[in-house]
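Protein sequences, first through last, are from chains E and B.
Okay, so the first sequence: first residue is -4 according to the numbering used here, each after it adds one.
Okay, so the second sequence: first residue is 3 according to the numbering used here, each after it adds one.
Just so it is clear, CB atoms sit at the ideal spot from N, CA and C, and this is done for glycine as well.
Here is the structure we will look at.
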Amino acid sequence: MNALIKTLTSFFVLLFAFNANAVDLEVNSPGVNAIKQSMQARHAQLAPHYASGAVGISADGMVALRDAGAVPLAQRQAVNALVAAENQDRNALYAEIANANGHPEWQAEIRSTFAQRWVQRAQPGWWVQQGGSWSRK
Amino acid sequence: MIFSAWLNASMLLLAFLFLPAQTNAATLSLSVGDIVAPDMSMRGIVLGLDDSGAADLTIAALQLQQRTFKNLKLHCVEFAASTAELHCRQGRSPQFPGTAFDFDYRFDRGEWQVLLTLTAAAAQPYAQWLPQDMPLPNHGKLDGTVRVAGAKNGLSIIKADVRASELGFSDQAGLHAAENMRASLRLDAQNGRDGWQWNAMLDWRSGDLFWQPLFLRGGLVLNGTGRISDTEFRVDHLSAETAQIGKVELAGVWQRQRGEFSEYSVRGKQIGLEQLFADFVRPYLDKSALAETSLSGRADVESYYRDGALRSLQLTLHDAGIVDKQNRFALQGMNTRINWQPENATAALIHFQGGKLLGAEFGASQFELKMQGSAFDANLIPLSLLDGKLDVRDFHLHQEQGNWHWSFAAALGGISMERFSQALGWPAMHGKLAARIPRVTYDGSEIKVDGALMFNVFDGTVIASQLRMADPFGRAPKLSGNLDMHELDLDLLTRTFSFGNMQGRIDVVVKDLQLQDWQPVRFDASLFSSAGNYPKKISQKAVQNISSLGGAGAAAAIQRSYLRFFENFGYDRIGWRCVMRNNVCNMSGVDAGNSSGAYAIIKGGGIPAINVMGYNHSVSWKELVTRLKRVTQNNVKAVVN
């Protein structure tokens, strides 16, 4: 019951926020810029691992090491660290966008909107998680 | 378990040997019915015996603990069965190339033994006999022997002397895996009343291992003894030795049900800190400020942990060092002897040869560290920083709800700005740097400066107050505070930034300054001439530069007038204000401006006098910074009039 109320509340908050055009997902702040730059710099290193299926786009707006076996053993530690750093940045990005919008409490909704966006924007061949299971786009 | 089940089945099998069967001149073939026992079943058993004493055993399906193995075949060069015993010598199975099986069973005592003799035996087939949730062999060869023995009450002895080459293994997720391993293992384990007593030696010579998050290369020897019971895994003694780290002696008790150590001890002499930290510590620090550091030097360590807490720690550092890869800090040549106990107050003298703080070098020094439980204090840490000194006072470090909190006060004095600015990669500044930092605290999330931080620069003072830094170790730290600068010498200032010479003094007030990732987000800044009598002069070059900040057109104007004949001008007042919001600087000057909207940035006075007017009331902060950079960069050779 609580989960239902929570979900409905989140839905209405999001609906209201978006209808009112209040959430600016492209909001610009030095914090958002710094995080985006850091993520862009890392993307070139992560891209081959998305393509190989070693790293996938998870349903919670994060990335996950879903098949470490696809990475040569000597690189597994580095890929593991890349995934950890990317997730640290993604968490910071959602918090920062919420803060820059003046609504820190919108972080969860922003995260779920981004989660859908990452999945939609994933390139063909990348692995994405939807409804708890992984599939190749 | 597998073997005992197999042997129980063998007993039943024997009963069938004397049943009527199909025969020919050379062989006796027995087709045996299904054998079903708890946790085990065999279906489609065929035993073929020939007159040379050899035997072929085929099992169509062997089911062991919910796993099924199909079409198992074993050829025994010598097979014998009597009412007293059963044995198979030099057994070979096509499923296990390179492995010879010797197998004995005594019916009277229920004792059994299996000996595997491995000769370049493929490791991969053994994967199917191992629990599927552990890393399973997928490559490599094995040589040596494995002896497993038991009796009616189960397995009692495991002895192995095995050498592996090109061994690879992995779990399903690939998070615990090895490649190209060359290693030898000697294991002697016996099951007694108190569980299994074990004694093992592993010599891992080469190859790679990834055991998330650790990545290790061969060159490790483990040697240990211990005991395993239903409740605990006990290591009475384990030595781990590598060429670069040295030898570490360990002992401990792992509680199997709780999944934690109830106690352990670690002891080592002359341990190589660089490799120890890089291989075993740093992989766990990916989110902290120490994740980009490396250690050097050696240490002697002896520590004891029991029931959730460290009980003692003796640590001796031999020329130890720590370096931050981003060049934020470094400490070298550290020597000390620390004897820490949780209940008693102790102290240690810490010497060091020198280091770096934000690029600025400091020399050798020493301080006394007082320790009481998880609280650490130092009354004074004197550092000879560049050509002056930094005294850190009342340093206090303690742990609170899992987070480390720290605080200190500091005084900085006698440092020349030339050396300081050079160390930080700033433009060469003049003057002396002196500062008093009343108290800095970190509460696990925010760095806060109590009181005012005072610097003496450009022959004036800079006071920073209400400084706060949130998320200091995050991707985009946020800094807020106020700045008050009094009577800065314009001559020194303009020389430093190659702006064209100005003489006089200014005050700068920056209120409500907010920086994120070191970029300004908002502030209210005003710059104006200091009160008092002093020479006020501005060079033509400086006038041009100030004018050009307002746009290209204004800068050219002076060149068209008679003013170009004068090198210097007098002025009465300077005033400029910028209120920065949403990346736009809203500007005003000495006064509110005239009816046409122009405002004076410099109000002339004396002969020859000049007024510098501003016409734009708002400019993008980015654009303003670009213009300022262009002005200062175009004047790399300072124009000192």
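Residue closest to residue i, alpha-carbon to alpha-carbon, out of the options
i              : options                        : result
residue 229(B) : 449(B), 496(B), 471(B), 202(B) : 202(B)
residue 119(E) : 106(E), 47(E), 33(E)           : 47(E)
residue 69(E)  : 79(B), 44(B), 322(B), 217(B)   : 217(B)
residue 504(B) : 512(B), 98(B), 514(B), 492(B)  : 492(B)
residue 248(B) : 110(B), 257(B), 224(B)         : 224(B)
residue 359(B) : 373(B), 432(B), 385(B)         : 385(B)
residue 454(B) : 606(B), 483(B), 461(B)         : 483(B)
residue 220(B) : 92(B), 608(B), 208(B), 231(B)  : 208(B)
residue 266(B) : 461(B), 312(B), 112(B)         : 312(B)
residue 364(B) : 379(B), 372(B), 341(B), 331(B) : 331(B)
residue 107(B) : 95(B), 89(B), 580(B), 117(B)   : 89(B)
residue 315(B) : 297(B), 340(B), 309(B)         : 340(B)
residue 100(B) : 273(B), 145(B), 612(B), 243(B) : 145(B)
residue 297(B) : 213(B), 307(B), 319(B), 309(B) : 319(B)
residue 432(B) : 529(B), 441(B), 232(B), 422(B) : 422(B)
Neighbour flag for residue i against chain E, beta carbons, 8 Å
i              : result
residue 334(B) : no
residue 1(B)   : In this structure chain B extends from 3 to 643, so residue 1(B) is not present and cannot be described.
residue 210(B) : yes
residue 113(B) : no
residue 179(B) : yes
residue 215(B) : yes
residue 583(B) : no
residue 478(B) : yes
residue 349(B) : no
residue 285(B) : yes
residue 175(B) : yes
residue 475(B) : no
residue 486(B) : no
residue 1(B)   : No statement about residue 1(B) is possible, as the shown extent of chain B runs from 3 to 643 and does not include it.
residue 518(B) : yes
residue 246(B) : no
residue 627(B) : no
Bounding residues of the beta strand (DSSP E) (the contiguous stretch that carries residue i)
i              : result
residue 2(B)   : Because chain B here runs from 3 to 643, residue 2(B) falls outside it and cannot be looked at.
residue 388(B) : Premise fails: residue 388(B) is in no beta strand (DSSP E) and is neither H nor E.
residue 132(B) : Element bounds for residue 132(B): n/a, residue is neither H nor E.
residue 573(B) : 570 to 583
residue 508(B) : 507 to 518
residue 219(B) : 216 to 219
residue 139(B) : 138 to 153
Interface flag, residue i vs chain B, CB-CB below 8 Å
i              : result
residue 122(E) : no
residue 40(E)  : no
residue 99(E)  : no
residue 96(E)  : no
residue 20(E)  : no
residue 87(E)  : yes
residue 53(E)  : no
residue 36(E)  : no
residue 129(E) : no
residue 33(E)  : yes
residue 64(E)  : yes
residue 93(E)  : no
residue 155(E) : No answer is possible for residue 155(E): it lies beyond the span of chain E, which begins at -4 and ends at 132.
residue 110(E) : no
residue 16(E)  : For residue 16(E), the predicted structure reports a pLDDT of 48, less than 50, and the residue's modelled location is therefore unreliable. The matter cannot be settled from this model.
Cβ separation of residue i and residue j, assumed to be a contact under 8 Å, to the nearest whole Å
i              : j              : result
residue 142(B) : residue 122(B) : Actually they do not touch by this definition, with Cβ atoms about 10 Å apart.
residue 75(E)  : residue 215(B) : 6 Å
residue 516(B) : residue 478(B) : With a Cβ gap of about 12 Å, residue 516(B) and residue 478(B) do not count as contacting.
residue 512(B) : residue 527(B) : 5 Å
residue 24(E)  : residue 95(E)  : 4 Å
Residue i - containing alpha helix (DSSP H), residue span
i              : result
residue 89(E)  : 68 to 95
residue 547(B) : 542 to 551
residue 110(E) : 102 to 116
residue 28(E)  : 25 to 47
residue 496(B) : 492 to 498
residue 276(B) : 275 to 278
_When you compare the stretch 151 to 161 of chain B with the stretch 56 to 74 of chain E, are there three or more beta-carbon pairs, one atom per stretch, that lie closer than 8 Å?_
No, the stretch 151 to 161 of chain B is not in contact with the stretch 56 to 74 of chain E.
Q. Just checking, does the stretch 35 to 43 of chain E make contact with the stretch 96 to 113 of chain E on the three C-beta pairs under 8 Å criterion?
A. Contact fails: fewer than three Cβ-Cβ distances are below 8 Å.
**Request:** State whether the stretch 538 to 545 of chain B contacts the stretch 497 to 513 of chain B, with contact taken as three or more CB pairs (one from each stretch) at a distance under 8 Å.
**Result:** Counting Cβ pairs under 8 Å, three or more are found: they touch.
request  = Count the C-beta pairs between the stretch 349 to 357 of chain B and the stretch 299 to 306 of chain B that are closer than 8 Å, then say yes if the count reaches three, no if not.
outcome  = When Cβ pairs closer than 8 Å are counted between the two stretches, the stretch 349 to 357 of chain B is seen not to touch the stretch 299 to 306 of chain B, the count staying below three.
Any 3 or more C-beta pairs closer than 8 Å across the stretch 432 to 442 of chain B and the stretch 410 to 418 of chain B: In short, these stretches touch, since the Cβ pair count reaches three.
For the pair the stretch 586 to 597 of chain B and the stretch 609 to 629 of chain B, tell me if three or more CB-CB distances fall below 8 Å. The answer is yes - the stretch 609 to 629 of chain B touches the stretch 586 to 597 of chain B, with three or more Cβ pairs under 8 Å.
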